[in-house]
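The structure under discussion appears below in the form of structure tokens.
There are 2 protein chains.
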Amino acid sequence: MTETAPRPTLEAVAERAGVSRATVSRVVNGAHGVRDALAERVRRAVEELGYVPNQAARSLVTRRHDAVAVVAAEPETRIFADPYFAQQLRGISKELTAHDNQLVLLLTEGREDHARVGRYLAGGHVDGALVFSLHLDDPLPGLVRSAGVPTVFGGRPGWDDGRDDVVYVDSDNRGGARDAVRHLAGLGRTRIAHITGPLDQTSAVDRLAGFRDVRTEAGSGLIAPGDFTPGGGERAMRELLDRCPDLDGVFAANDLTAAGALRVLRERGRRVPEDVAVVGFDDMLPVAEQTDPPLTTVRQDIEEMGRLMARLLLRGLDRGAGAGNAAATGPDTPSGVVLPTTLVRRATT
Amino acid sequence: MTETAPRPTLEAVAERAGVSRATVSRVVNGAHGVRDALAERVRRAVEELGYVPNQAARSLVTRRHDAVAVVAAEPETRIFADPYFAQQLRGISKELTAHDNQLVLLLTEGREDHARVGRYLAGGHVDGALVFSLHLDDPLPGLVRSAGVPTVFGGRPGWDDGRDDVVYVDSDNRGGARDAVRHLAGLGRTRIAHITGPLDQTSAVDRLAGFRDVRTEAGSGLIAPGDFTPGGGERAMRELLDRCPDLDGVFAANDLTAAGALRVLRERGRRVPEDVAVVGFDDMLPVAEQTDPPLTTVRQDIEEMGRLMARLLLRGLDRGAGAGNAAATGPDTPSGVVLPTTLVRRATT
DNA sequence: CGGGGCGCCGAGAGCGCTCTCTCCCGCTCT
DNA sequence: AGAGCGGGAGAGAGCGCTCTCGGCGCCCCG
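So the protein lines, in turn, are chains A and B. Start counting the first sequence at 2; every next residue gets the next number (this note's numbering). Start counting the second sequence at 2; every next residue gets the next number (this note's numbering).
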């Protein structure tokens with residue numbers, strides 16, 4: 002039980018160093034216009050006293066918090082069924098840490114939570130927000146908007162209606178999907194089917210669009226609805242097999258779906274990849290590497306997405322003080338950044 | 002671009018309601034000793050002005066932050082290779098939210114990060130900390146200790162040397178392991194092997210201990226070292242099969258390991274569960290349900306662990322103001338809480 | 001009918017910091 | 001040698017809130 006020593010204040014440091022509070026403040030922060038000798042004395046005093054600035058007092062006057070909120074809707078199964086979100090968090094955390102910002106995590110579920118988040122954001126407790134909004138009708142974006150906090154979105158918001166002040170980072174779902182389907186086509190497959198994700202999510206919509214892009218080039222495509230779960234993949238695969246017993250390629254909207262499809266294919270006696278080639282999406286390691294055979298899939302650099310989101314936000318914050326509101330927008334801040342994907346070939350193609 | 006309206010202050014609300022700052026403050030907080038009529042007037046003014054208290058100003062005087070840090074070592078592969086951590090976070094978040102506390106996430110990797118975390122914690126920016134420390138030689142616990150912040154640990158700390166002021170929440174790794182092995186024994190299996198986790202983690206140590214508890218009762222046990230990865234599981238399984246070709250039961254330290262073992266068993270022509278029965282640990286859904294056949298495993302309620310950690314910490318905080326330091330300890334605060342596990346039987350046994 | 005108590009409310013003093021404003025000192029320029 | 005200038009340091013005013021304290025009115029009891 003160490004004594005609850007009252008933490009030393011600026012005042013204490015000043016006294017010990019024999020200078021004024023103002024001087025200590027100058028040294029502790031940027032330290033400009035303080036003679037080396039004095040600065041050194043101050044630094045020593047800080048060291049000896051173990052002084053740490055009181056962030057609350059500082060925020061009170063500067064109106065900055067050096068803190069950023071990360072807002073995510075918790076019921077999103079994908080957020081908790083795979084390491085996706087954790088990786089994104091890691092990227093965000095790294096970038097924020099590098100700029101001495103704190104990460105305040107806000108997980109929501111349900112209406113009342115939205116109100117809470119809105120209040121928190123509007124309360125000016127953080128300098129900006131990173132918001133994950135995957136659904137087309139997500140109330141979060143609007144809420145954040147009206148809270149007037151600089152924001153960067155993770156994933157293309159559903160209502161990206163050409164407004165120029167929405168900043169987001171997404172991976173190239175459409176391009177990745179095209180690559181996947183072209184890969185199948187390049188293997189000589191001609192009857193290629195797609196199992197979609199839930200179409201109220203932009204990522205699923207974009208992957209479907211990518212599939213269509215190529216299928217339109219190369220003939221009609223077979224499509225069955227899925228929901229990003231293995232169960233959904235199984236159902237869709239059965240349906241597809243019934244409709245077109247001789248299909249020879251499947252592009253699944255994500256790896257979980259592909260895993261389900263794979264099971265049905267085996268159950269129905271199809272050999273993979275000989276009879277049917279399969280491509281997934283995400284390269285969600287614990288799944289993609291564990292399927293039998295290991296899954297060919299489209300990888301996105303999730304951690305980099307997180308890092309980029311944070312970087313964009315912080316950049317907007319630096320300048321943004323003027324505009325202050327709505328978004329980390331600016332002449333040279335791109336409104337949407339789309340990260341490339343890469344095809345990872347394993348054994349299902 | 003909404004105008005950056007200066008947020009209304011207590012003063013503004015007071016003026017509008019025709020009362021003093023003190024009265025508004027009373028209403029905004031607990032509201033005791035204010036007549037209903039006045040309180041109502043104040044509430045209306047708050048509403049109309051959209052007043053939100055300035056947390057910085059409040060913290061400055063109360064020395065409370067209503068914020069808790071969650072500290073986790075990021076290189077922990079398990080944290081980012083599975084949804085484990087995310088689920089724990091969810092539990093924590095729910096509990097904190099219910100008590101109007103914020104969650105500040107601190108991810109560390111490497112030495113310099115430790116220093117940073119130490120400084121942050123010592124800086125008194127948060128009221129307490131939830132620390133995940135899985136390794137025996139983790140520097141984090143000591144660091145947190147010396148920062149003098151009330152703390153609850155996730156997972157039994159390696160140095161739980163009987164000190165009574167370390168509060169932690171863990172799941173019953175040892176008991177769960179015993180259940181798993183007894184289950185195998187109950188199925189008539191007599192040559193049961195164990196693939197361990199990395200033995201610098203208490204969870205792996207405890208699971209091994211559980212295995213030994215039962216094997217000591219029922220005869221000697223075959224043990225091979227693993228590392229919580231599928232690759233490690235494969236290696237260990239091969240070794241075990243070489244040493245004891247007629248083994249008929251395997252208890253793997255976690256599901257990933259079991260998945261690897263399963264693959265080797267199939268490759269070596271063993272039927273599961275007919276020839277060899279397999280039990281995992283964790284019930285990590287995307288893995289346990291996707292193995293072939295689906296894995297019998299030991300489930301822990303991870304979200305509940307998180308929630309409990311938060312609850313314990315908050316409870317300690319309420320009272321703890323006096324002691325202030327070291328830990329959320331108190332006469333009726335248990336030092337270690339161990340959550341029960343349950344065996345989930347699927348198709349590998 | 002008077003005094004004491006109690007419940008409500010306002011005044012005011014800070015919490016620890018930043019930042020502007022002013023002062024002072026040393027130097028150059030005329 | 002005196003005036004002017006500029007850079008370095010200190011004084012002091014808050015930032016928005018909480019909380020103690022004192023005053024005032026009301027009720028109750030003697």
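All residues carry an ideal CB built from backbone N, CA and C; glycine is no exception.
Straight-line gap, residue i to residue j (C-alpha atoms, nearest Å)
i: Ala-324 (chain A); j: Thr-63 (chain A); result: With a pLDDT of 40 at Ala-324 (chain A), under the threshold of 50, the predicted position of this residue should be treated as unreliable, though the coordinate-derived value follows. One C-alpha to the other measures close to 17 Å.
i: Ala-13 (chain A); j: Arg-316 (chain B); result: 33 Å
i: Ala-237 (chain A); j: Gly-111 (chain B); result: 45 Å
i: Pro-140 (chain A); j: Asn-55 (chain B); result: 25 Å
i: Leu-209 (chain A); j: Ala-46 (chain B); result: 51 Å
i: Ala-329 (chain A); j: Leu-318 (chain A); result: Its pLDDT being 45, under 50, Ala-329 (chain A) is placed unreliably by the model, and the measurement read from it follows with that caveat. Taking the straight line joining both Cα atoms gives about 6 Å.
i: Val-53 (chain A); j: Arg-59 (chain A); result: 11 Å
i: Thr-10 (chain A); j: Glu-113 (chain B); result: 25 Å
i: Val-153 (chain B); j: Glu-75 (chain B); result: 18 Å
i: Pro-199 (chain B); j: Asn-174 (chain B); result: 14 Å
i: Asp-283 (chain A); j: Phe-86 (chain A); result: 12 Å
i: Arg-308 (chain A); j: Ala-148 (chain B); result: 29 Å
i: Ala-327 (chain A); j: Gln-202 (chain A); result: For Ala-327 (chain A), the predicted structure reports a pLDDT of 41, less than 50, and the residue's modelled location is therefore unreliable. A value from the coordinates is still provided. Going from the Cα of Ala-327 (chain A) to the Cα of Gln-202 (chain A) covers about 23 Å.
i: Ala-259 (chain B); j: Lys-95 (chain B); result: 32 Å
i: Cys-245 (chain A); j: Glu-268 (chain B); result: 32 Å
Proximity to residue i [Cα-Cα], best of the options
i: Ile-303 (chain B); options: B:Pro-158, B:Ala-260, B:Gly-227 and B:Val-170; result: B:Val-170
i: Arg-91 (chain A); options: B:Thr-98, B:Asp-101 and B:Thr-109; result: B:Thr-109
i: Leu-248 (chain A); options: A:Ile-196, A:Pro-142 and A:Glu-305; result: A:Ile-196
i: Val-345 (chain A); options: A:Ala-289, A:Gly-307, A:Asp-293 and A:Arg-22; result: A:Ala-289
i: Ala-40 (chain A); options: A:Leu-50, A:Arg-27 and A:Thr-297; result: A:Arg-27
i: Asn-255 (chain A); options: A:Phe-86, A:Thr-152 and A:Gly-233; result: A:Gly-233
i: Ala-123 (chain B); options: B:Val-206, B:Arg-42, B:Gly-143 and B:Gly-250; result: B:Gly-143
i: Met-306 (chain A); options: A:Gly-198, A:Cys-245, A:Thr-292 and A:Val-168; result: A:Val-168
i: Thr-191 (chain B); options: B:Ala-130, B:Val-182 and B:Phe-229; result: B:Val-182
i: Asp-214 (chain A); options: A:Ala-178, A:Arg-65, A:Glu-96 and A:Val-273; result: A:Ala-178
i: Pro-158 (chain B); options: B:Val-71, B:Ala-148, B:Phe-133 and B:Ala-278; result: B:Phe-133
i: Val-69 (chain A); options: A:Thr-258, A:His-33, A:Pro-84 and A:Leu-107; result: A:Leu-107
i: Leu-242 (chain B); options: B:Phe-229, B:Leu-257, B:Asp-276 and B:Thr-230; result: B:Asp-276
DSSP-derived helix/strand/coil call for residue i
i: Arg-346 (chain B); result: coil
i: Tyr-52 (chain A); result: coil
i: Arg-316 (chain B); result: helix
i: Thr-109 (chain A); result: strand
i: Gln-202 (chain A); result: strand
i: His-195 (chain A); result: strand
i: His-115 (chain B); result: helix
i: Thr-258 (chain B); result: helix
i: Lys-152 (chain B); result: The sequence given here places Thr at residue 152 (chain B); Lys does not occur at that position. Thr-152 (chain B): strand per DSSP, three-state reduction.
i: Thr-298 (chain A); result: strand
i: Leu-286 (chain A); result: helix
i: Gly-307 (chain B); result: helix
i: Asp-171 (chain A); result: strand
i: Leu-223 (chain B); result: strand
i: Ala-123 (chain B); result: helix
Supposed contact pair residue j and residue i - C-beta distance, whole angstroms, cut 8 Å
i: Leu-223 (chain B); j: Thr-350 (chain B); result: Contact doesn't hold; Cβ gap of about 17 Å is too wide.
i: Asp-180 (chain A); j: Thr-342 (chain A); result: 7 Å
i: Ser-204 (chain B); j: Gly-156 (chain B); result: 6 Å
i: Gln-291 (chain A); j: Pro-231 (chain B); result: 6 Å
Chain A within 7 Å of residue i, Cβ atoms only
i: Leu-104 (chain B); result: yes
i: Pro-158 (chain B); result: no
i: Gly-227 (chain B); result: no
i: Glu-75 (chain B); result: yes
i: His-126 (chain B); result: yes
i: Ala-254 (chain B); result: no
i: Ala-57 (chain B); result: yes
i: Leu-108 (chain B); result: yes
i: Ala-260 (chain B); result: yes
CB contact check: residue i to chain B, cutoff 7 Å
i: His-195 (chain A); result: no
i: Val-53 (chain A); result: yes
i: Gly-92 (chain A); result: no
i: Gln-291 (chain A); result: yes
i: Val-288 (chain A); result: yes
i: Ser-60 (chain A); result: yes
i: Phe-86 (chain A); result: yes
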